[in-house]
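Q: Protein chains in written order, with the numbering used here: chain Y, 1 to 372; chain C, 1001 to 1424. Dropping the structure in here first, questions after.
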Amino acid sequence: MKPLLRRVALGSAAPLMALVFAIVASSIVLLIAGSNPLEAYGDMVNHASKLETMVDILNRATPLFISGIAAAIGFRMNLFNIGVEGQYLLAALVAAHVGGLIELPAPLHIAVILLVGMTIGATYSGVAGVLKVSRGISEVISTLMLNIVATSGLIVAGLKLWQAGGAVGGNVTRVGTEEIPKSGRIPDLNGFVEIFTRDIGRDRRLTGVLVVAIAVGIGYHVLLNRSRFGYDLRASGGNPFAAQAGGVPPKRMVLLAMVLSGAVAGLVGMTEIMSSGLFPANPIQNLGFAGIAVALLGRSTAFGAAVAALIFAFLDISSGILQNTGSASREIVQIMQGLIILAAVVAYQVTQRLRDREEAKAASIALSGATA
Amino acid sequence: MTVVSYLKNMPAWARWALYAFVGVGVLNIVQGFDDTSLLTAEGTTRAMLRWGVPILLAGLGGLFAERAGVVNIGLEGMMVLGTWFGAWGALQFGAWWGLLLGALGGAMGGLLHAIATVQFGVDHVISGVAINILGPGIARFLSSEIFNVKFKDQGGSITQSPRVPTVGRFTFPFLAGGDLFGWKTPDILGWFTRKDWFFVSDITGIVRGLVSTMSWVTVFTLALLPFIAWLLWRTRFGLRLRISGERPEAGEAQGVNIYFYKYVGVIVSGALAGLAGAFIASQELSGIYKEGQTTGRGFIGMAALIFGNWRPMGIFGGAMLFGYPFALKLQDLEGKASHALLLVTAIAMFAVMIWAILRKNRGDTLLAAVFGGLALLWYLTTETPPDWWAAVLPYVIVLVVLIFFTKRLRPPAADGQIYRKGEA
Chain Y
1 MKPLLRRVAL GSAAPLMALV FAIVASSIVL LIAGSNPLEA YGDMVNHASK LETMVDILNR
61 ATPLFISGIA AAIGFRMNLF NIGVEGQYLL AALVAAHVGG LIELPAPLHI AVILLVGMTI
121 GATYSGVAGV LKVSRGISEV ISTLMLNIVA TSGLIVAGLK LWQAGGAVGG NVTRVGTEEI
181 PKSGRIPDLN GFVEIFTRDI GRDRRLTGVL VVAIAVGIGY HVLLNRSRFG YDLRASGGNP
241 FAAQAGGVPP KRMVLLAMVL SGAVAGLVGM TEIMSSGLFP ANPIQNLGFA GIAVALLGRS
301 TAFGAAVAAL IFAFLDISSG ILQNTGSASR EIVQIMQGLI ILAAVVAYQV TQRLRDREEA
361 KAASIALSGA TA
Chain C
1001 MTVVSYLKNM PAWARWALYA FVGVGVLNIV QGFDDTSLLT AEGTTRAMLR WGVPILLAGL
1061 GGLFAERAGV VNIGLEGMMV LGTWFGAWGA LQFGAWWGLL LGALGGAMGG LLHAIATVQF
1121 GVDHVISGVA INILGPGIAR FLSSEIFNVK FKDQGGSITQ SPRVPTVGRF TFPFLAGGDL
1181 FGWKTPDILG WFTRKDWFFV SDITGIVRGL VSTMSWVTVF TLALLPFIAW LLWRTRFGLR
1241 LRISGERPEA GEAQGVNIYF YKYVGVIVSG ALAGLAGAFI ASQELSGIYK EGQTTGRGFI
1301 GMAALIFGNW RPMGIFGGAM LFGYPFALKL QDLEGKASHA LLLVTAIAMF AVMIWAILRK
1361 NRGDTLLAAV FGGLALLWYL TTETPPDWWA AVLPYVIVLV VLIFFTKRLR PPAADGQIYR
1421 KGEA
């Protein structure tokens, strides 16, 4: 029991250290800028305790979490799918377009949209996978390039091609693809939440994609820890040569991991197209890169990614209040997010080294005990 | 086959000059079909140089880091820091200070990357991604504290600065008629260009674009090229820096302080990326700091590094090649030149196909034929290609180069690997 406790303590010490470091460093920045950090943090926490803000945080955390899982699948295999950014935007565009074209009964319609998104995401990441397997091109470089090909090429082209005639509902801000009919939209969860609490005000809607995100999280956890495939994946990621000797074909694993990561990435944009009913001309960007941060902070586990996504969403959303109260610049949270990741990866590295050293010591003691 | 062996026996400079001549010839003929002269215009090469300089600086930044064995995905974030500090320095202290502070801002990002990767052994890609998130965050925070407060009445805000003063420009004397100690020299290349002789005037126009009215930063960057080549390949310092990226354990055995060289490489890398950012914020390209203005040019710098096979002159070639479509897009209002560029792409792909046939590589031949055929088909079926085509072209070139030439590229042997002292 004691070593387990130690492991848990060591495991959670690192992210906690990172958080503390980020908070201290940001406080220093705020102090230099002439703001009172305690007041700023107090405002943020206060703001976050409101029901409406919590809904906003969950809405933000949902795509962050899915994006984090997409990145995590790659990390487990020692692959850097930097291309989640391009994959999710492209997937959301095509899924919204297809969803707006067809008429189907509700569950089927939703399923088609999700499937199209996953297929497009998987295909686009599959390109990087094939390039790596067949030509030995690093996925870091190819996905970086494919990102920009998607965001400033394919998506621009697609939007131009599929732009719905005129603005929807006479509202100029909602320019984008054809509107998805009601049957294709995942209903919001307001009714479910309101059973437990008061009514959610101010037009807030808790995204139904949250259910999809939870399903993805559970699916990822089970697949990784309870299936043959998950074992192979972790084995190949840990030591590809040993895994190959054990009968795990490395190339196939690379391709599978890449495709699976892209398929999950294809779901990242669903929160936006389900809430606005179309793929807008100016979609929410950078969720792919934020997902990498979520996966890193969450150590590529489903539970860790969920916590990390909530922390990042909290910082994103609750910082909005700083502008109103004027206690600090809300931009401080972007610095905090960057510092958290940097501090977290450093802390993980340090604890890993501590653990390795302890293991080596324990092994040498055991060995000397055996020989004596 | 004799042609191939003949080419192989040529000295490198003659071979590349020959390739350049052939390339200009192709551009010259192709643009005739589209009734445009933009592909070889003097203004295009001048714009190419202007757009190529930040890519070149970022690529050279990547060279310093990766030759020391540290992959630097964070170039983009360091470049963003450079744009902010460059604009702020220029506004606060003057144009030259802007460049210096831009480089220092980037170097700070480099220092952070070095501490994470060299000191703590964090994965290089992960640290780079973190810096790419941190860089824009710092720039935005500082803007909200400074541009939005002190420079508000001059048009500053959270997302942009007021107009930034800039350093002067330089024109080569004799070649392009620049001033020499107050004396206006003859403009030799300009004289040839105005004669409008077939091909000759094209060449002189292209060269004139590369030697006239360029920023002092451009002059500095071009001078940096031979300097860096000398520093990294002809000095003891360079040898030690490169061994840190090839066989750090071997260097350690020789008593080289590997950590020191890695630190220097990554910090210089950040400084060069920062200078690239300061250049982007200067009058040459935008004249203000604006959020999101780097538009992935740090990543193009990495692409130029790979395209150039981790060598200074190769990076220069890559930077110019990637700057070219941007420059063309800027002036090509009717889309004729972009259309002609499609045919150039097709011809280039067929050239790769012939190269693959000579090497008896059936897979590559087929692939190049398919790519070339698609480009040709596109050329024949459209009047003007969409305007995103030129924006995407540099990245497509990198992917194509990687697809066909990955096996011929040689990155530093220990590039991206985590080195720990005393573990060899």
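Ideal placement from N, C-alpha and C gives every residue a C-beta, glycine not left out. Computed from a prediction, not measured in an experiment: that's the story for all the values here.
1. Against chain Y, with Cβ distances strictly below 8 angstroms, would Asn1132(C) count as a contact?
2. When the Cα of Val112(Y) is compared with those of Met77(Y), Gly83(Y), Val127(Y) and Arg185(Y), which residue comes out closest?
3. Kindly give me the distance between the Cβ atoms of Gly277(Y) and Gly68(Y), rounded to whole angstroms, as I take these residues to be in contact under 8 angstroms.
4. Can you tell me whether Glu1423(C) is buried or exposed, with buried defined as 16 or more other CB within 10 angstroms of its CB?
5. Does any residue of chain C bring its CB to less than 8 angstroms from the CB of Gln87(Y)?
6. Checking 8 angstroms against the spacing of the C-beta atoms, do Gly1043(C) and Gln1331(C) come in under that value?
7. Roughly how many angstroms separate the alpha carbons of Thr197(Y) and Pro181(Y), rounded to a whole number?
8. In angstroms with no decimal places, state the Cα-to-Cα distance between Ala340(Y) and Phe21(Y).
9. Quick check on Ala1303(C) - is its C-beta less than 8 angstroms from some C-beta in chain Y?
10. To the nearest angstrom, how far is it from the Cα of Glu139(Y) to the Cα of Lys1152(C)?
11. For a contact defined as C-beta to C-beta under 9 angstroms, what are the partners of Arg1140(C) on chain Y?
12. Buried or exposed, going by whether 16 or more other CB atoms sit within 10 Å of the CB of Ile28(Y)?
13. On the premise that Leu1305(C) lies in contact with Glu1448(C), defined as a C-beta separation below 8 angstroms, what is that separation, rounded to the nearest angstrom?
14. If you draw a straight line from the alpha carbon of Phe1170(C) to that of Thr1213(C), how long is it in whole angstroms?
15. By Cβ distance, which residues of its chain are closer than 6 angstroms to Asp1090(C), with the 5 residues on each side in sequence left out?
16. Just the Cα atoms here: how many angstroms apart are Pro187(Y) and Glu178(Y)?
17. Under a three-way DSSP split, which group does Gly237(Y) fall into?
18. Which residues, taken in chain order from the stretch 1144-1168 of chain C, show a beta carbon closer than 8 angstroms to some beta carbon of chain Y?
19. Let's see if you can read the secondary structure: which residues bound the alpha helix (DSSP H) around Glu1249(C)?
20. Say whether chain Y places a C-beta atom closer than 8 angstroms to the C-beta of Arg1408(C).
21. Alpha carbon to alpha carbon, what distance is there between Trp1378(C) and Ala1176(C)?
22. Please go through the stretch 248-302 of chain Y and give each complete alpha helix (DSSP H) segment of 4 or more residues, from N-terminal end onward.
23. What are the start and end residues of the alpha helix (DSSP H) that includes Trp1084(C)?
24. With 16 other CB atoms within 10 Å as the buried threshold, where does Phe1404(C) fall?
25. Under the DSSP definition of a beta bridge, which residues are partnered with Asp318(Y)?
26. Using a Cβ-Cβ cutoff of less than 7 angstroms, which residues in the same chain neighbour Val1129(C) once the five nearest sequence positions on both sides are dropped?
27. List, in order along the chain, the chain Y residues whose C-beta lies closer than 7 angstroms to that of Trp1388(C)?
28. Could you check what DSSP says for Phe1170(C) in three-state terms: helix, strand or coil?
29. According to the Cβ coordinates, are Glu1145(C) and Ala33(Y) closer than 8 angstroms?
30. Going by DSSP, which residues form a beta bridge with Lys1290(C)?
31. Tell me Gly176(Y)'s beta-bridge partners as DSSP assigns them.
32. Beta-carbon within less than 7 angstroms of Ala295(Y)'s beta-carbon, same chain only, minus the 5 sequence neighbours each way: which residues are those?
33. Please state the DSSP three-state secondary structure of Met336(Y).
34. Taking buried to mean at least 16 other C-beta atoms within 10 Å of its own C-beta, is Ala9(Y) buried or exposed?
35. Going along the chain, which residues of the stretch 343-356 of chain Y sit with their C-beta nearer than 7 angstroms to a C-beta in chain C?
36. Please list the terminal residues of the continuous alpha helix (DSSP H) segment that includes Gln1331(C).
A: Let's see:
1. yes
2. Arg185(Y)
3. Not confirmed; about 25 angstroms, so no contact.
4. exposed
5. no
6. yes
7. 30 angstroms
8. Rather than Ala, the amino acid found at residue 340(Y) in this sequence is Ile. Roughly 8 angstroms between the two C-alpha positions.
9. yes
10. 43 angstroms
11. Ser329, Glu331, Gln334 and Ile335
12. exposed
13. Absent from the model: residue 1448(C). The displayed extent of chain C is 1001 to 1424, so no value can be given.
14. 5 angstroms
15. A quick correction: the sequence has Ala, not Asp, at residue 1090(C). Correct list, in chain order: Gly1098, Val1164 and Pro1165.
16. 19 angstroms
17. helix
18. Ser1144, Glu1145 and Ile1158
19. Pro1248 to Ala1253
20. no
21. 39 angstroms
22. 250-265, 270-276 and 287-297
23. Leu1075 to Phe1093
24. buried
25. Correcting the residue type first, residue 318(Y) is Ser in the shown sequence and not Asp. For Ser318(Y), which the question treats as bridged, DSSP gives no partner whatsoever.
26. Ile1073
27. Ser152, Gly153, Val156 and Ala157
28. strand
29. yes
30. Gln1160(C)
31. Pro280(Y)
32. Gly68, Ala71, Ala72, Phe75 and Ala305
33. helix
34. exposed
35. Val345, Val346, Gln349 and Val350
36. Pro1312 to Gln1331
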